[in-house]
Amino acid sequence: MSTAHERIDALVKSNDVVLFMKGTALFPQCGFSSRAIAILEHLGTQYETVDVLQDQEIRQGIKDYSDWPTIPQLYVKGEFVGGSDIMMEMFESGELKNLVAADA
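This is the structure in C-alpha cells:
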C-alpha cells in the first residue's frame with residue numbers, strides 16, 4: 001500500500017463527507033468541482049474537501065483508490081459515491097440528501 005493510498009484512506013475514514021476536488025470550496029478550479037460544492041452547500045451538510053491540484057500523489061492516488069478516472073469524487077461515511085454527474089442525479093432524486101442526513 002502506497003503512502004498516498006494510506007493518506008487517502010485516512011481522509012475517507014475520518015470524515016463523514018469528503019470531496020476530492022480541483023481547487024477549494026471557496027475557489028473551485030473546474031465546473032464539475034464547482035457543481036459538487038454547490039450541491040453540498042445546498043444540502044447544508046458538513047463536509048471536508050481535498051484539493052488534488054496541491055498534491056500530485058493524491059491526484060493520481062484517488063483515481064486508483066476508487067478505480068474512478070475523474071475528479072471530483074465524493075465519499076460519504078467511507079463509501080465512494082461518485083462524481084458530479086452521479087451527485088446531481090442523487091441530489092435530484094433526494095437520495096443524496098438521505099445519504100448525508102442519515103448520519104447527521
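Quick note: the sequence shown uses the UniProt record's numbering, first residue 1, plus one each step. Note that the Cβ used here is the ideal one computed from N, Cα and C, for glycine as well. Here the structure is a predicted model, which means the values were calculated and not measured.
Assigned exposure category for residue i - 16 Cβ within 10 Å defines buried
i, result
"G61", "buried"
"A101", "exposed"
"S14", "exposed"
"T3", "exposed"
"F27", "exposed"
Residue closest to residue i, alpha-carbon to alpha-carbon, out of the options
i, options, result
"G82", "G94, W68, E95, V100", "W68"
"V50", "G94, R7, L99", "R7"
"E92", "A25, E79, I39", "I39"
"P72", "V52, E79, Y65, D64", "V52"
"A36", "L99, S84, Y75, E48", "S84"
"L96", "F27, T45, D9", "T45"
Where the beta strand (DSSP E) through residue i begins and ends
i, result
"Y75", "73-76"
Residue i versus residue j - alpha carbon distance
i, j, result
"F32", "H5", "23 Å"
"M88", "I58", "24 Å"
"D55", "D9", "15 Å"
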